[in-house]
Every structure is written in structure tokens, then in C-alpha cells.
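Here the numbering used here runs 913 ahead of the position in the sequence shown, where the first position is 1. A quick write-up on the structure given underneath.
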Amino acid sequence: MKIAVIGTGYVGLVAGACLADLGNQVICVDIDESKITSLEKGIIPIYEPGLEEVVKRNVLEKRLSFTTDSAKAISDSKIIFIAVGTPQGDDGKAELKYVYAVAETIGKNANEPKIIVDKSTVPVGTSRKVKELAEKFSEHRIEVVSNPEFLREGSAVKDFLEPDRVVIGSDNSEAAKAIEDLYKPLGKEILITNPESAELIKYASNAFLATKISFINEIAAIADRVNADVSEVAKGMGLDARIGKQFLNAGCGYGGSCFPKDVKALQKIALDCGYKLDILREVEKVNEYQKMLPVEKLKKELGSLSGKKICVLGLAFKPNTDDMREASSIKIIHALVKEKAQVVAVDPIAEENAKQFLPKIHYEKSPYAAAKGCDAVMLVTEWNEFLELDFAKIGAEMNSKIIVDGRNAYDREKLVAMGFKYIGIGR
Ligand SMILES: NC(=O)c1ccc[n+]([C@@H]2O[C@H](COP(=O)([O-])OP(=O)(O)OC[C@H]3O[C@@H](n4cnc5c(N)ncnc54)[C@H](O)[C@@H]3O)[C@@H](O)[C@H]2O)c1
């Protein structure tokens, strides 16, 4: 099948490369010329484990190519995926101008009936608007299928190729079948529903996961006050199949390009249809508080943070990505700086992106160098390399042996036995 993917970011590039890997002829389009030039030179513009191999293999086998020429990509393809960004707009609504611009371009360049597949996360009703808009500019019939994406940065290739489910939302059975056929080789559950349900599934899923995180963070607050260990509580809860283990890690809050904006957007969707979604307001409130918690706890321990040197381990919004969008590290470091602390940060991959958000702090390449002379080490992103540290060496570098474990990732007993003051979240 000839496919164009418009928007070659975290989702579009992964989707394009993986669809090519399934044997399709895929052209990835972006308006960002530097991105396309890099890709044409074999340089992957984002950090995503395993992606480079899939891209290189499919370029070599001539199934995958890149362009800024959307008109040609559209006229050459039967199926066109939209994978542009839908960032948070005014009043919490998803900003749809990029999606609509692509819909218009598709309409203007459709030389035969086309199927648009909307992979961007969009408010309920958007698929229908995309169809109206594309058809307004075209003399051909254009079907629109909602196909929300559930991949996680850091394991995006695996998530795309081994999804828990594929959701297809369409009122047109032929268009739905064409997209179902694309995903059939994955051998995974495919749910075909109407466009509104598909669009709502995406927001409901992300909002539910965010709720799970804020819920366990509230339990952590109780654990802190009653001498319980939230990690043990989460383990005990997660063993119940109805609850499940995932997304029950208390810590310094969720971030990223999806949860914060999707939680906001779902509240706006609710308001627009006359319903007030109270639960998500609290989810957000807890999450904002969580980001401040490591700083508050450290301040309580040290009295004042003024002039104290704090080593921050991890900057990306989660491990295995270079994505800094809404990363907890940004709020945490701003708070530390506001308290007049000196911040030294280290991240294995996200340093360059982090500099756009945190230009004034000091960066080190190694956690041992970063810990030198520090009054505390604070774990913010639980990269594997930070979990396997030589703590004797870290401790020897530090001014005072305090560890703030913002992700509850360390062995508290071990660190305490080594003479560290351990500060976790609800443990
Ligand atoms: N990042 C994730 O983990 C993730 C997961 C699931 C769903 N989503 C959703 O997928 C969508 C894309 O997210 P992302 O993280 O890949 O975004 P991104 O910002 O990484 O990429 C979007 C790309 O679209 C390009 N673009 C914008 N307008 C364009 C146009 N008119 N023509 C061609 N290219 C254009 C941009 O230059 C950019 O490269 C969003 O709606 C997001 O909510 C993201």
C-alpha cells in the first residue's frame, strides 16, 4: 500500500518506519526542512531506542523516503496519515491549526479518492471536521478514519509493532477495512468503532493513566504520615488483576507531551458538551504539587537551600527519551534556583534539549562529576545508568550524603546502611 505520513515527529516517524517495515511504501513528510535533510542523510532527529535500525533498513530496501513536498506525497499515496502536533492551545483546548492545515493541503492535492487516517490526538468530532474541510477543497471523495496512537516514547517502536490494541474509528466500512488490513499483520486486537468513540478512547486512556499516577501520589502522602511504604502498598494493590501494577509508581509527577495536555483537553471536551469533569482538576492539582514535593522535602531537611549545591539526576520527562516537554525536572529546577540553590544536572541524552528550557544551570556528563561537592543528590528521571550507580563513590564525592529519590527507584535500606540520609516519596 502507498502511504504518506504527514508530520515526522515522535509519532509520525515511528509510524512511518514501522508501516514500511510491514511492507508498505511509505513517504514521510514534514515542513521542518532541517528534519527532512537530517533524515535523508540517515540522521535520526530524535532519540528513540531501536528506531534508527528500522529507519535505515527500510530506506535501504527503498520502502521508506522523506520529503517536504506534501503535494507530491499526497498525490502519490492512497492513504494519508496525519501525525502533526496538537499542543495545548488557549483555554486548555487542543490546538488544531496544524491538523486543519494538513486537511486542507490533502483536499487541494487529492487527485483521486483518498483515505485520511488521523493519528494525532484530537478532540471528539475532529475527524468529521477534517473530512468536511478536505472535501471542501477536493472534487474527490475523502474518507477519514480516526486511528489514535498509544505508543510511549522510549519504547515507541515496540509499542507500535506490538500494541495492546489498535483502535479504528470510522463510519465507512471500506475505509475501516483498508486500515484494518494495514494492522492485521501485527496479529493484535483491532477495535473498530465510530470516530467519536475512537477519539474519546484516546483521551480517556491517557486521563485514566494520569489519574492512576495522581491517585498513588495521594496514597504516598498518606504513607508519609503513617509510616507506611507506598512502594509496598502499590505492590500489594497491583497484584490485584483488576488494578494492575503499571502506573502505580509514586514520585515527582507525570510530564511529557501527552498527559498534561490531554488531561486539560478532556476537561475542555467535557465542558463543551455541558459536563464538568471534576476528577481531572484534582489529578492536575496533585501532579503540580508532586513536582514541588522533592524540593519541599529537601528544604525541610536542610533548613534553607540558599547556596547549597544540588545534583539533579535526569532531565527528560521519562527515561529513554530526549523529550523535555513538560518534564518535571523543569519545575523542580526552577524551584531549586528560586531557593537560590546551585544546580548541577546530568542526563545521558536530553542535555541539548534541556538547555532550551534550563539555559543557566551547570551540566555535567557523569553523575560522579555532578555529585562532587554536592549537599544532596536528587533523582528526577530514573534512567538505568542512574539506578546502577556506585554509591560509595557518589557518597565520597558529596559534601553531605543526602539522596532525594524523586522516583522511589533506589533501595532505601541499602542507602541508609551506607550512611546516606534517604528521602523518598511516601516511603
Ligand atoms: N509523542 C507521543 O508520545 C505521542 C503518543 C501518542 C499520541 N501522540 C499524539 O500524536 C501527535 C503528534 O505528536 P508528536 O509527539 O509526534 O509531535 P511532534 O511535535 O514530535 O511532531 C509533529 C511534527 O509535525 C510537523 N508538522 C507540523 N505541521 C506540519 C505540516 N503542515 N506539514 C507537515 N508537517 C508538519 C512538525 O514540524 C513536527 O515535526 C500529537 O497529537 C500527540 O498528542 C503523541
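Ideal Cβ positions, reconstructed from N, Cα and C, are used throughout, including at glycine.
When DSSP reads this structure, ILE1315 sits in a beta bridge with LYS1334. If you draw a 10 Å sphere on the C-beta of VAL1329, you find fewer than 16 other C-beta atoms in it, and that means exposed. Taking the Cα of PRO1000 as reference, the smallest distance to any Cα among ASP1094, ARG1238 and SER1144 is reached at ARG1238. Segment contact: the region 1022-1039 against the region 1108-1116, three or more CB-CB distances shorter than 8 Å; contact assigned.
If only uninterrupted alpha helix (DSSP H) runs of at least 4 residues are considered, those enclosed by the region 1036-1124 are 1039-1049, 1069-1074 and 1086-1096.
DSSP places ASP934 in the uninterrupted alpha helix (DSSP H) bounded by 923-934. Distance between GLY1216 and VAL1058, taken at the CA atoms: about 57 Å. Listed in chain order, the beta strand (DSSP E) elements of length 3 or more contained wholly in the region 1269-1331 are 1289-1292 and 1315-1318.
For ALA1258, the three-state secondary structure derived from DSSP is strand. Boundaries of the beta strand (DSSP E) around VAL918: 915-919.
For SER1219, there is no enclosing alpha helix (DSSP H), as DSSP marks it with neither H nor E.
In the DSSP assignment, ILE1245 forms no beta bridge with any residue.
Judged by DSSP secondary structure, ASP1031 falls within the beta strand (DSSP E) whose first and last residues are 1027-1031.
With respect to CYS1224, MET1331 sits apart: the two C-beta atoms are not nearer than 9 Å. A distance below 9 Å separates the beta carbons of ALA1258 and LEU1228. Secondary structure note for THR980: its beta strand (DSSP E) is the uninterrupted segment 977-980. In the displayed model, LEU1190 falls within coil according to three-state DSSP, outside both helix and strand. Contact between the region 1042-1060 and the region 1076-1084 is established, with three or more Cβ pairs separated by less than 8 Å. ASN1022 and ILE1028 have their C-alpha atoms some 13 Å from each other. The criterion of a C-beta distance shorter than 9 Å is satisfied by GLY1020 and LYS1049.
Going by beta carbons, ALA996 and VAL918 fall inside the 9 Å limit.
Not one heavy atom of ligand 1 lies closer than 8 Å to the C-beta of THR1039. In the three-state reduction of the DSSP assignment, GLN1203 falls in the helix class, which pools H, G and I.
In this structure, the beta-carbon distance from ALA1163 to MET914 does not fall below 9 Å. For GLN1180, the enclosing alpha helix (DSSP H) starts and ends at 1172-1185. Taking a C-beta distance under 9 Å as the contact criterion, ARG1340 and ASP1153 do not qualify as a contact pair. When secondary structure is reduced to three states using DSSP, LEU1226 falls in the strand class. Secondary structure of ILE940 (DSSP, three-state): strand.
A Cβ-Cβ distance of about 17 Å is found for the pair GLY1168 and PHE1121, leaving them out of contact under the 8 Å criterion. When the five nearest sequence neighbours on each side are left out, the beta carbons in the same chain lying within less than 7 Å of the beta carbon of PRO1098 are those of LEU935, in order along the chain.
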